Structure formats: structure tokens, C-alpha cells
């Protein structure tokens, strides 16, 4: 299977956009070109759209492309450290964008060594019109290592600090906060990132995760889990500035999918999550108010069901939500459903 990074009917700001799909780039024989439905890899800087990705042969490159209209794209690359091996699976990238400074943080995975030298790393790029000026060296290093799920995530909290969520060696989520605020000169070294306590342990290696800052000190982490002799589940825990809450679940049951779910932060008191829960095949929608989860009206089950490993990204324009799936029909068509938050 060969992968294409495509855009079709993407939410845009300003003038109406022509419908696609339009190909941004071919990523080669990459079966998981865009894996990780809760990991962002496309941002809008107010003028241009920017997409970030890797090709299957790019062991030392991260590729990115910009477009003013979502149809014509121009590609460039940033060189990573020579002599090392970086994961090129589509799940290995996560990005965060600071609109005030027009700085993008790109988190990626160093897979050079099987045991002692695997790291999650973070690269800083300052956007200036159609160019990005990249930091000359990695600005974050030694943030533990994830398993093959590549579940690392990056975000920027209410104080402007960067947050990175990854795995420890046993597949449990960890969250680090930068010492410095994100800016065009952001250059925290690996030792400047502070581990935010120890979140509750999972029973199995996580395969999907979500990270949401809630204000300046609180953080929400979601991750899948599958205890022995029990049901699969999507779990959550939150950090209040000093400690983590006990591990609880958003959904739990025999038909809960560990990977077909997505989440989106609308604001500090409204984080939405949609996922496959069944039976019969069904979707669920829940909202987190900063303290607890509550169910909401869920989208209908897609006609034809879901393709294998569809994923279920949930995105927001700051007002409403859109859920996307790949249908299990002959053409693997992309379907979407809109949730009007105000109603």
C-alpha cells in the first residue's frame, strides 16, 4: 500500500475553498501515512496552510508543504541529525502551533537504538510568509520513549509553555512541561523539561492518546487500555498542578475500540471525545467539563460501517465539531458528521 497525504473539504478561514481531494505529497510505501487520529499535522497560520509528514525512505528528514488555497502545494524539507534513524510511520509526528509568535513545534521519534537511546524530540520552526526558519539543533531530547504505537503528543498551555506527552518504557503516559515559553527563540534543552508527576499506570501499552491543556496548570490526558480478563477502554486522568487524578474511563466495554476514537479541546471546560463503543455498532460522544464526563447526542453509525483502522478524528473550528471516518465501502469513501455545540 502506498500512502498519499490528501485534503478534501477541509475547514478553511476566509474565502470558500474548492473541493478536492487534492494530493499534497506521496509518502511512498507507508501504510500508516496519517495514523493517529488525535494527532494534529495540519495548521493554518492566518495566510497559509502547512502540512507536516515523512516519506518511508526519509530517515533523516521531515517534510512540510504550504498552500494558500488547499489545492496547490509547495514542498520543502528540514534535515534532522545525521547518522541517526527516525521513525517514518505516519503516527510518529505531532505538532503544535503558537499563533502569536507563528512558531510551530514538531515532535518526532528517534528510533536509533532498540534499548537505551530512543527519544522523543522536539524541533522549533518560526514561520515567516512562505518559509520556516528551523532551530539549528533539537530543542528537546531524552523525553523517554514510546512503544510502536508512537503516541507522543505536543501542545501549548495557557501560560505559553510547551507540553509533551509520551510513554515510559512500559507504555504508560508521561507529560513534560518546558521551562521557557514558546517563542521564536525557544531553545529548551532536554534537561529543561520538567516531568509533571507520574500519571496513573495502564495495564497495557497505549496505542492511542490525547493531550489537552486546561488553563495554565491543569492538563487532561486520554489513553486507551486493555486490562487482562477485562474489557477494552478509553481512559482519562487530569493533572491539577500538583497531582494526577485516579485513572477512570470515558468508555468501557467489549465493543469499545482502542484506536477508533478522537478528541478535540473547544475550551478549558469543554473537551469532546467521539469513539466506537457498540453494540450494535455505535458511536458515542461525551464532553469533559474539567471535572467529569457527560454523554451527548452521538453521530449515526456510518452507512457501510468503518474501514479497518479507519481512525476517527474529531476537529473543531472553535465553535462546532466535525467527526470524520473512512467507510467500509468498496471505495473507502470519507464521511463526516457535524455537531453544533451551541444547540
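In my numbering, the protein residues as written are 188 to 530. Just so you know, even glycine gets a beta-carbon here, dropped at the ideal spot from N, CA and C. Since we're looking at a predicted model, the values are computed, not measured.
For this session: Specify the secondary structure class of residue 312 as computed by DSSP and reduced to three states.
Result: The answer is strand: DSSP assigns residue 312 an E or B state.
For this session: Tell me whether the beta-carbon of residue 358 lies closer than 8 Å to the beta-carbon of residue 430.
Result: Their beta carbons are not under 8 Å apart, which means residue 358 does not touch residue 430 by this criterion.
Exercise. Residue range of the beta strand (DSSP E) that residue 453 falls in?
Worked result: Segment 448-454, the beta strand (DSSP E) holding residue 453.
For this session: Note down, in chain order, each residue of its chain lying with its Cβ closer than 7 Å to the Cβ of residue 250, except the 5 sequence neighbours on either side.
Result: These residues qualify, in order along the chain: 212, 240, 241, 242, 262, 264.
Problem set entry | Boundaries (first-last residue) of the beta strand (DSSP E) holding residue 393 | Counting along the chain, residue 393 falls outside any beta strand (DSSP E), and DSSP gives it neither H nor E.
Exercise. Out of curiosity, what's the CA-to-CA distance linking residue 507 and residue 246?
Worked result: Answer to the nearest angstrom: the Cα atoms are 38 Å apart.
Exercise. Over what stretch of residues does the beta strand (DSSP E) that includes residue 482 continue unbroken?
Worked result: Element bounds for residue 482: 480-483.
Exercise. With 16 as the cutoff for other CB atoms within 10 Å, does residue 195 come out buried or exposed?
Worked result: In this prediction, residue 195 has a pLDDT of 43, which is less than 50 and means its spatial position is unreliable; what the coordinates show is noted afterwards. Exposure of residue 195 is indicated by the presence of fewer than 16 other C-beta atoms within 10 angstroms of its C-beta.
Problem set entry | Buried/exposed call for residue 394, threshold 16 Cβ in 10 Å | With at least 16 other beta carbons inside 10 angstroms of its own, residue 394 counts as buried.
Exercise. Where does the unbroken beta strand (DSSP E) through residue 409 begin, and where does it stop?
Worked result: Counting along the chain, the beta strand (DSSP E) containing residue 409 begins and ends at 405-412.
Exercise. On the three-state DSSP scale, how would you describe residue 278?
Worked result: Helix at residue 278.
Problem set entry | Near the ligand NAP: residue 293 beta-carbon under 7 Å from a heavy atom | Ligands displayed in this structure: none; no statement on the ligand NAP is therefore possible.
Problem set entry | Presumed contact (8 Å Cβ cut-off) between residue 345 and residue 402, rounded CB distance | Right, their Cβ atoms sit about 5 Å apart.
Problem set entry | Distance between residue 216 and residue 188 (C-alpha atoms, nearest Å) | Because the pLDDT at residue 188 is just 35, under 50, the model does not fix this residue reliably, and the point stays unresolved.
Problem set entry | Residues near residue 390 in its chain [Cβ-Cβ closer than 6 Å; skip 5 each side] | In chain order, 412, 414 place their CB closer than 6 Å to the CB of residue 390, counting only its own chain and leaving out the 5 sequence neighbours on each side.
For this session: Flag this pair as yes or no: are the beta carbons of residue 477 and residue 438 separated by less than 8 Å?
Result: Cβ atoms of residue 477 and residue 438: not closer than 8 Å.
Problem set entry | Distance, residue 486 Cα to residue 270 Cα | Inter-residue distance for residue 270 and residue 486 is about 47 Å (C-alpha atoms, whole angstroms).
Problem set entry | Pick from 317, 320, 309 that is closest to residue 363, judged by C-alpha positions | Proximity to residue 363 across 317, 320, 309 peaks at 309, based on C-alpha coordinates.
Exercise. In chain order, what residues of the same chain have a beta carbon less than 6 Å from the beta carbon of residue 248, not counting five sequence neighbours either side?
Worked result: Cβ within range, chain order: 264.
Exercise. Hey, would you say residue 296 sits closer than 8 Å to residue 279, going by beta carbons?
Worked result: In this structure, residue 296 places its C-beta atom within 8 Å of the C-beta atom of residue 279.
Exercise. Rounded to a whole number of angstroms, what is the C-alpha to C-alpha distance between residue 397 and residue 480?
Worked result: Roughly 15 Å separates the two Cα atoms.
For this session: Could you check what DSSP says for residue 379 in three-state terms: helix, strand or coil?
Result: In the structure shown, residue 379 sits in a helix (DSSP, three-state: H, G or I).
Exercise. DSSP three-state call for residue 356: helix, strand or coil?
Worked result: Three-state result, residue 356: coil.
For this session: Would you identify the three-state DSSP class for residue 285, choosing helix, strand or coil?
Result: If DSSP states are grouped into helix, strand and coil, residue 285 belongs with the strands.
Exercise. If we count the other Cβ atoms within 10 Å of its Cβ and call it buried at 16 or more, is residue 406 buried or exposed?
Worked result: In summary, residue 406 is buried, with 16 or more beta-carbon neighbours lying within 10 Å of its beta-carbon over all protein chains present.
Problem set entry | Among 268, 524, 289, the one whose alpha carbon lies nearest that of residue 306 | Considering only alpha carbons, the answer is 268.
Problem set entry | residue 361 versus residue 458: straight-line alpha-carbon distance, rounded | Their backbone Cα atoms lie some 20 Å apart in a straight line.
For this session: Assign residue 525 to buried or exposed, taking buried as 16 or more other Cβ atoms, counted over all protein chains shown, within 10 Å of its Cβ.
Result: Counting Cβ neighbours within 10 Å, residue 525 comes out exposed, since fewer than 16 surround it.
For this session: Grab the span of the beta strand (DSSP E) containing residue 263 for me, first residue to last.
Result: Element bounds for residue 263: 261-266.
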